[in-house]
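Working notes for the structure below.
Number of protein chains: 4
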Amino acid sequence: MNKHKVAVLGASGYAGGELLRYLVAHPYLELAWATADQNAGKLVGEVFGHLSHLSDVELATTDPATVPDVDVAFLALPHGAAASRGRTLADRGIRVVDLSADWRLHDAAAYSQWYDFEHPHPDELASWVYGLPELHRDEISGSSRVASPGCYPTAAVLALAPLLQERLVAPAGIVVDAVSGVSGAGRKVDADYLFSELDASFKAYGVGKHRHTPEIEQELSLAAGTDVVVTFTPHLAPMARGLLATCYAQALGSVGDAYDALATAYKGEPFVRVLPLGAQPATKHASGTNQALIAVGGDERTGHLVITCAIDNLGKGAAGQMIQNANLMLGLEETAGLTGGGVYP
Amino acid sequence: MNKHKVAVLGASGYAGGELLRYLVAHPYLELAWATADQNAGKLVGEVFGHLSHLSDVELATTDPATVPDVDVAFLALPHGAAASRGRTLADRGIRVVDLSADWRLHDAAAYSQWYDFEHPHPDELASWVYGLPELHRDEISGSSRVASPGCYPTAAVLALAPLLQERLVAPAGIVVDAVSGVSGAGRKVDADYLFSELDASFKAYGVGKHRHTPEIEQELSLAAGTDVVVTFTPHLAPMARGLLATCYAQALGSVGDAYDALATAYKGEPFVRVLPLGAQPATKHASGTNQALIAVGGDERTGHLVITCAIDNLGKGAAGQMIQNANLMLGLEETAGLTGGGVYP
Amino acid sequence: MNKHKVAVLGASGYAGGELLRYLVAHPYLELAWATADQNAGKLVGEVFGHLSHLSDVELATTDPATVPDVDVAFLALPHGAAASRGRTLADRGIRVVDLSADWRLHDAAAYSQWYDFEHPHPDELASWVYGLPELHRDEISGSSRVASPGCYPTAAVLALAPLLQERLVAPAGIVVDAVSGVSGAGRKVDADYLFSELDASFKAYGVGKHRHTPEIEQELSLAAGTDVVVTFTPHLAPMARGLLATCYAQALGSVGDAYDALATAYKGEPFVRVLPLGAQPATKHASGTNQALIAVGGDERTGHLVITCAIDNLGKGAAGQMIQNANLMLGLEETAGLTGGGVYP
Amino acid sequence: MNKHKVAVLGASGYAGGELLRYLVAHPYLELAWATADQNAGKLVGEVFGHLSHLSDVELATTDPATVPDVDVAFLALPHGAAASRGRTLADRGIRVVDLSADWRLHDAAAYSQWYDFEHPHPDELASWVYGLPELHRDEISGSSRVASPGCYPTAAVLALAPLLQERLVAPAGIVVDAVSGVSGAGRKVDADYLFSELDASFKAYGVGKHRHTPEIEQELSLAAGTDVVVTFTPHLAPMARGLLATCYAQALGSVGDAYDALATAYKGEPFVRVLPLGAQPATKHASGTNQALIAVGGDERTGHLVITCAIDNLGKGAAGQMIQNANLMLGLEETAGLTGGGVYP
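Residue numbers (the working numbering), protein chains in the order written: chain Y, 1 to 345; chain U, 1 to 345; chain Z, 1 to 345; chain V, 1 to 345.
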């Protein structure tokens, strides 16, 4: 079988590097083009010490016009930098999987409010599909424009959507308290992300204003069939990878009911595993994989359900999910290239 | 000035070791006795590589009868092991600061419910003071029996008590989502606490049933003047020290009101600092100190206040607070021995 | 193509877990049997949170008699526990790849001296091949009894053997200063390996007496054609995986000569990469892979060459190399199942 | 007693921050002036979250002319930035403790060779004392110009000098293999020092050309009474603090002789501890202190002694030693302000 040719735009960041890693091992996809503005002209093997197998791949500048006619373009560009580029590539008939937020939100006003960004093509937002396969598989399969979810929304929505859908938790008063490894901030060179600042330390950030909030709310509102607003607090833990969302919601049923609803919703899903009652996922159990591990518990005295979801922020939270989306869009086996076990310990 | 003589029971655990470290630098306290059952007969310097200055101190077995007539006995023993020992020492007229939970809860029934432990002296629970100086300074000063708080309750109660007292948050629906460094689990030799299991990983534990819950509720109920129940979820982060509580409560006032209430409540407190609006504490900012760093934010759309409190779980969350309590009980300057700055980075 | 059936004895340790991970993704090998004495009766998915794909595999006790007729048996057992078991399996006609030291040393006396262990079958030591493919590929291909190298010897021998062979360094006075991640100590439950003890700390151990010394010397002596003794000091770094050997030897040629010799020796090797002069490998560049990354530098003033070699102690230092050996023994492509890129960051 | 007034130039880096921490707790020194060019105008408490006690100290620009008439000026400036400033302050009659390399080397040519820096005042190099109190206590006490040692030289020289002096190791062929925590690189904002790049990884750097080499050689040559050249390889470990030097030298006596020589040399030294034979120091045992922990072992087969020395790179390797030097220069107790125990775990 001939491999499908793909391009990666923004290949020198962490999500881009993880895409390249997945592509190396993918049976049906083949890297044909890679770009990275700051590292244009360098070889991939120079930019990433762990990708010397790709030392013959030279990084180009990120110009949609020079991208060859590939089957899929993966965009791992900063927010704001993908809106027009993604559109241009899609207009050329190339399937696009975009990791930026630029095409994730259905409501153009949310871009002004949360991103300080006037969306240049608000009337085209509806033509992109939100790429969470467990919720929108059929739309993704039939689409050539997929906006792959953010890391926090992936975990929070997988944890909560089935419970809202089944009316097992109240749509009001939901709290999402989440923790990410530092690679979630990308490869940005900033004093705040120096090793000595973050090692052996833990902190909250973006309280009340993180940009993933409207994305979580959009998908949970769809699941609930009513408007959902959430209080979302992200934190930074001293680890490079991994993400855990701990979600709190008022129970409208028992913990057992919630477990059953989650187990039913994800039965047969290759990348979501609901843990036995009483168990809790560690983020390292998903490290290097496209898996999401979900557990549900609760406190009967307070009536809160507590649902935790662990993913690799660069896997199911970024590059793994992009591959999963591309597999669907190309009609491939959904798990192709994503079956490698996690790296532990 | 003659130094006060103190004993440390349970000196070979992490809280015990931190007590010894504080005592070395304390201007008015002097270690006269140290015990550690598993390491009895060894020198402190053998048990703790960083305490070679104490290589002339031999560890005794933990028998209250053999403790000499010291001015203060610090108990850093497992839960259940301090109830009778603490009582015996107190009956001998020795001031006792106990770090176990054995004398913290006013309601004996809570021990059966949360600790699987029938309290041996339920009618004496009322004679012990809950040793959170910022809330109970006068009682502590006048007492010789102080139950020093747990690490999670210290952070959660400091974050929430003034807001409940001032009716700025609702007493119902409070969520405490907290994260501790691994030393919070003590020096227990268990596969779950091996370096390779925990490094680069993050997880929740004890969902809906952690034993610090009734302690948090007791103190918040006192502050609110009404029964408060909280949903409390502890997590483990890959760091040895540090604790952050992220607390969620329905706002009955603005973020500004909440900031003012906290700033007023802790004005003049030597060990609590309310950060400027917009700032967030990192646990490492409190590392090696007795400080608690508090920040308040919120999400107006959801009506939640988000209050974070960072401490060193072995400092304000354990040994530092025990020293602070002893200072008060002895009529010393409250900050004596606790002024050393934190270790950063 | 029918997959070859394999057994893993000692599947619940870290090397065993990594073997299972590699097997999941291997195109020609299939797990047919797994044992783990302490966890016998449990499912693999219960023992390893990251291997839920293997939740239908039950762990048996480690008895060679009950191992089915597999094509290859991988032994990841403690030293001393593999000598007889490995022999028994090999006598049954099963290919054996043993990760213990029990069959690595050609000189039976070395077992008494370094391992406090009287080898039970000294006259059979010669029938086993030392499984470092880059040095002994042909012997491995033709053998059914392969003793896979230790982690430190793998790195040190790859770094130094070509230089000794080409007489570019003196055989006397060699120093191997090496650093391993904590998983090198296995999953042993011991206070020394607790997270809080090792995080943010670094130390030497086994000075002058580490058991990998005779193994390094055996292979370097073979390469040099003369007796080589080395001063070897292992260290523990606060990371779960990764190993770096920094090797010092008196130069008999220039740094450029040394670079050329290494580049020539490893030309075409799929798992060894010699970095450009001036570059240095980070252990994370090899994390999750079977790669060895080598760099050479020197100090002309002192006449020392400094050769560094980075591997994943669980990859090329353990499970990856075992798979590589099995591939050779079965006549498969040497890289089968080992092409996945590393996990970074 | 009136406190001595001190200035810290370069107060917003990690060594500067550690100086401030030590000064807060110092009984006889008082901060009167602090500078930091990049953060001029900010309060110390804004620059360092852990130093809120210093929120009334505003950072000035680093101009020797505006420094008030203090008793001691501590310079924690980049190499090259201290040569003239230190001289200017000393000419004003202010005692200077300089942490840069600018006044450490006696041989002006070494600056050209190793630092690419033409020393502006080569004939004044002799008027500065190398501030390693264990070797040069009397000179330091009588001087007002002290060049405080680098972190690697402190550990390597303490480990080796007494053995060279007593002719227990050969002066030729010495290898210093050393490992530092990341704070040794300072607070430099560079992609190489991002958390995600360094966490869970280990690597060598500066092979054959690190600038601390001539400093180590200068002091070892003095101790040996003959020219000593060393092969020095620094490494970076995933921890913020801590430094271990593992030193290899040909033994001219037994391990026992070496132990005795070290024990004798450091008998009575408040900040150097020679561990019992067989023990090895962990860097965390010195964390937050001014201690150096030394162990000696060896390999009789190869004739190498292996001497390890653990320090806190920011303590005995930087700020702690600067305070120790200042104490000597002012005629204070040498241990003043430096008795706090280490932070463990």
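The beta-carbon is built from N, C-alpha and C at its ideal position, and this holds for glycine as well.
These numbers were taken from a predicted model, which means no experiment stands behind them.
Margin query: When you compare the CB of aspartate 190 of chain Z with every CB in chain U, is at least one pair closer than 9 angstroms?
Written below: Your numbering for residue 190 of chain Z matches position 190 in the third sequence. Contacts with chain U at 9 angstroms (Cβ-Cβ) include aspartate 190 of chain Z.
Next item on the list: Going by CA-CA distance only, name the one from Z:Val96, Z:Cys309 and Z:Leu125 that's closest to tryptophan 103 of chain Z.
Entry: For the purposes of this step, residue 103 of chain Z is taken as the residue at position 103 of the third sequence. For the residues Z:Val96, Z:Cys309 and Z:Leu125, the minimum Cα distance to tryptophan 103 of chain Z belongs to Z:Leu125.
Next item on the list: Keeping to the same chain, check which residues put their C-beta closer than 6 angstroms to that of valine 228 of chain U; ignore five residues upstream and five downstream.
Entry: As a first step, residue 228 of chain U must be located in the second sequence, where it is residue number 228. Once the five neighbours on either side are set aside, the close Cβ partners of valine 228 of chain U are Pro171, Glu217, Leu220 and Ser221.
Checklist line | Any chain Z beta carbon closer than 9 angstroms to arginine 21 of chain U | finding: By one-based count along the second sequence, residue 21 of chain U stands at place 21. Cβ-Cβ to chain Z under 9 angstroms: no for arginine 21 of chain U.
Notebook entry, point to check: Skipping 5 residues on each side, what residues in its chain have a beta carbon closer than 6 angstroms to that of aspartate 98 of chain Y?
Noted result: Counted from its first residue, the first sequence places residue 98 of chain Y at position 98. Within the same chain, Cβ atoms closer than 6 angstroms to the Cβ of aspartate 98 of chain Y are found at Leu75, Ala82, Gly86 and Ala147, the five residues on either side in sequence being excluded.
Notebook entry, point to check: Name the chain U residues that come within less than 9 angstroms of alanine 200 of chain Z, Cβ to Cβ?
Noted result: Here residue 200 of chain Z refers to the residue found at position 200 of the third sequence. The contact set of alanine 200 of chain Z on chain U, defined by CB atoms closer than 9 angstroms, consists of Met239 and Ala240 in chain order.
Next item on the list: State the DSSP-derived secondary structure class of valine 169 of chain Y, mapped to helix, strand or coil.
Entry: By 1-based counting over the first sequence, the position of residue 169 of chain Y is 169. Here DSSP, grouped into helix, strand and coil, assigns valine 169 of chain Y to strand.
Next item on the list: Determine, using beta carbons only, whether serine 287 of chain U comes closer than 9 angstroms to chain Y.
Entry: The residue given as residue 287 of chain U occupies position 287 in the second sequence. Serine 287 of chain U counts as touching chain Y.
Notebook entry, point to check: Which residues, in order along the stretch 161-180 of chain U, keep a beta-carbon less than 7 angstroms from a beta-carbon of chain Y?
Noted result: For the stretch 161-180 of chain U, which is checked against every Cβ of chain Y, the residues closer than 7 angstroms are Gly173, Val175, Asp177 and Val179.
Next item on the list: Spell out the partners DSSP gives aspartate 299 of chain Y in its beta bridges.
Entry: As a first step, residue 299 of chain Y must be located in the first sequence, where it is residue number 299. The partner list for aspartate 299 of chain Y (beta bridge, DSSP) reads Y:His304.
Notebook entry, point to check: When DSSP builds the beta bridges, which residues end up paired with proline 133 of chain U?
Noted result: On the second sequence, position 133 is the one that residue 133 of chain U refers to. According to DSSP, proline 133 of chain U bridges with nothing at all.
Next item on the list: Please list the partners that threonine 339 of chain Y has in chain Z, where partner means a Cβ-to-Cβ separation under 9 angstroms.
Entry: Position 339 of the first sequence, counted from the start, is the residue given in the question as residue 339 of chain Y. Simply Val24, Ala25 and His53.
Margin query: Which residues of the stretch 274-286 of chain Z have a Cβ closer than 8 angstroms to any Cβ of chain Y? Give them in chain order.
Written below: Taking 8 angstroms as the Cβ-Cβ cut-off against chain Y, the residues of the stretch 274-286 of chain Z that qualify are Pro281, Ala282, Lys284, His285 and Ala286.
Item checked: Local conformation of leucine 43 of chain Y per DSSP, three classes -> Here residue 43 of chain Y corresponds to residue number 43 of the first sequence, with the count starting at 1. Three-state DSSP puts leucine 43 of chain Y in a strand.
Checklist line | From Z:Leu135, Z:His53, Z:Val57 and Z:Ala36, residue whose alpha carbon lies closest to that of proline 64 of chain Z | finding: Within the third sequence, the letter at position 64 stands for residue 64 of chain Z. Checked all of Z:Leu135, Z:His53, Z:Val57 and Z:Ala36; the closest Cα to proline 64 of chain Z is Z:Ala36.
Checklist line | Reduced DSSP secondary structure (H/G/I, E/B, other) of glutamate 58 of chain V | finding: Translated into the one-based positions of the fourth sequence, residue 58 of chain V becomes position 58. Three-state DSSP puts glutamate 58 of chain V in a strand.
Notebook entry, point to check: Does alanine 258 of chain U come within less than 9 angstroms of chain Y when only Cβ atoms are used?
Noted result: Numbered from 1 along the second sequence, position 258 holds the residue referred to as residue 258 of chain U. No, alanine 258 of chain U lies away from the interface with chain Y (no Cβ there is under 9 angstroms from its Cβ).
Check: the stretch 39-63 of chain Y: which residues have C-beta closer than 7 angstroms to a C-beta of chain Z, in chain order?
Finding: Within the stretch 39-63 of chain Y, the residues whose Cβ lies closer than 7 angstroms to some Cβ of chain Z are Phe48, Gly49, His50, Leu51, Ser52 and His53, listed in chain order.
Notebook entry, point to check: When the distance is taken between beta carbons, is arginine 211 of chain Z closer than 9 angstroms to valine 343 of chain Y?
Noted result: Taking the first residue of the first sequence as 1, we reach residue 343 of chain Y at position 343. Taking the first residue of the third sequence as 1, we reach residue 211 of chain Z at position 211. Taking 9 angstroms as the cut-off, the beta carbon of valine 343 of chain Y is found no closer than this to the beta carbon of arginine 211 of chain Z.
Check: Any heavy atom of the ligand HEM closer than 8 angstroms to the CB of threonine 246 of chain V?
Finding: In the structure shown, the ligand HEM is absent, as is every other ligand, since no ligand is present at all.
Check: Within the 9 angstroms Cβ cut-off, does tyrosine 266 of chain Z reach chain U?
Finding: Numbered from its first residue, the third sequence carries residue 266 of chain Z at position 266. No - not a single Cβ of chain U is within 9 angstroms of the one on tyrosine 266 of chain Z.
Notebook entry, point to check: Since valine 182 of chain Y meets chain V, which of its residues come closer than 7 angstroms, beta carbon to beta carbon?
Noted result: Taking the first residue of the first sequence as position 1, residue 182 of chain Y is located at position 182. Neighbours of valine 182 of chain Y on chain V, chain order: Phe195 and Ser196.
Note to self: Strictly below 7 angstroms CB to CB, what residues from chain V border glycine 17 of chain U?
What the structure shows: Here residue 17 of chain U refers to the residue found at position 17 when the second sequence is read from its first residue. Against chain V, the beta carbon of glycine 17 of chain U has neighbours under 7 angstroms at Tyr344, listed in chain order.
Note to self: For proline 234 of chain Y, which residues in the same chain have their Cβ closer than 8 angstroms to its Cβ, ignoring the five residues on either side in sequence?
What the structure shows: In the first sequence, counting from the first residue as 1, residue 234 of chain Y sits at position 234. Counting only Cβ-Cβ distances below 8 angstroms, and skipping sequence neighbours, we find Tyr152, Ala178, Val179, Ser180, Ala204, Tyr205, Gly206, His210 and His212.
Margin query: Using the three-state DSSP reduction, which class does alanine 7 of chain Z fall into: helix, strand or coil?
Written below: As a first step, residue 7 of chain Z must be located in the third sequence, where it is residue number 7. DSSP places alanine 7 of chain Z within a strand segment (E or B) once states are collapsed to three.
Next item on the list: With DSSP collapsed to three states, give me the class of serine 180 of chain V.
Entry: Numbered from 1 along the fourth sequence, position 180 holds the residue referred to as residue 180 of chain V. Strand at serine 180 of chain V.
Notebook entry, point to check: If you measure beta-carbon to beta-carbon, which residues of the stretch 106-121 of chain V are closer than 8 angstroms to chain Y?
Noted result: Taking 8 angstroms as the Cβ-Cβ cut-off, the stretch 106-121 of chain V has no residue approaching chain Y.
Next item on the list: Measure the C-alpha to C-alpha separation of alanine 200 of chain V and alanine 310 of chain Z and round it to an integer number of angstroms.
Entry: Stepping through the fourth sequence from its first residue, residue 200 of chain V is reached at position 200. Stepping through the third sequence from its first residue, residue 310 of chain Z is reached at position 310. Their backbone Cα atoms lie some 13 angstroms apart in a straight line.
Notebook entry, point to check: Out of curiosity, what's the CA-to-CA distance linking threonine 335 of chain Y and isoleucine 307 of chain U?
Noted result: Here residue 335 of chain Y refers to the residue found at position 335 when the first sequence is read from its first residue. Here residue 307 of chain U refers to the residue found at position 307 when the second sequence is read from its first residue. Take the alpha-carbon of threonine 335 of chain Y and the one of isoleucine 307 of chain U: they are about 42 angstroms apart.
Item checked: Per-residue contacts from tyrosine 28 of chain Z into chain Y (C-beta, under 9 angstroms) -> Taking the third sequence and counting its residues from 1, one reaches residue 28 of chain Z at position 28. Result: empty, since nearest Cβ-Cβ is about 14 angstroms, beyond 9 angstroms.
Margin query: To test your reading of the DSSP string, which unbroken beta strand (DSSP E) runs of 3 or more residues are found completely within the stretch 249-288 of chain Z?
Written below: As summarised for the stretch 249-288 of chain Z, the continuous beta strand (DSSP E) elements at least 3 residues long and confined to that stretch are 272-274, given in chain order.
Note to self: Residues in the same chain with beta-carbon distance under 8 angstroms from alanine 258 of chain U, minus the five sequence neighbours each way, listed in chain order, please.
What the structure shows: The residue you call residue 258 of chain U lines up with position 258 of the second sequence. Around alanine 258 of chain U: Leu163, Leu168, Val169, Ala251, Val296, Gly298, Leu305 and Ile307.
Notebook entry, point to check: Taking just the CA atoms, how far does methionine 329 of chain V sit from valine 96 of chain V?
Noted result: For this step, residue 96 of chain V is matched to residue 96 along the fourth sequence. For this step, residue 329 of chain V is matched to residue 329 along the fourth sequence. So the two alpha carbons sit approximately 9 angstroms from each other.
Next item on the list: Could you tell me which residues DSSP puts in a beta bridge with histidine 121 of chain U?
Entry: The sequence position of residue 121 of chain U within the second sequence is 121, counting from 1. Secondary-structure assignment with DSSP links histidine 121 of chain U through no beta bridge to anything.
Note to self: I'd like the span of the alpha helix (DSSP H) that includes aspartate 91 of chain Y, first residue to last.
What the structure shows: Against the first sequence, residue 91 of chain Y aligns to sequence position 91. For aspartate 91 of chain Y, the uninterrupted alpha helix (DSSP H) run begins and ends at 83-91, by DSSP.
Next item on the list: Could you name the residues of chain Z that tyrosine 14 of chain Y contacts, counting a contact when the two beta carbons are closer than 9 angstroms?
Entry: One-based indexing of the first sequence puts residue 14 of chain Y at position 14. Correct list: Tyr344 and Pro345.
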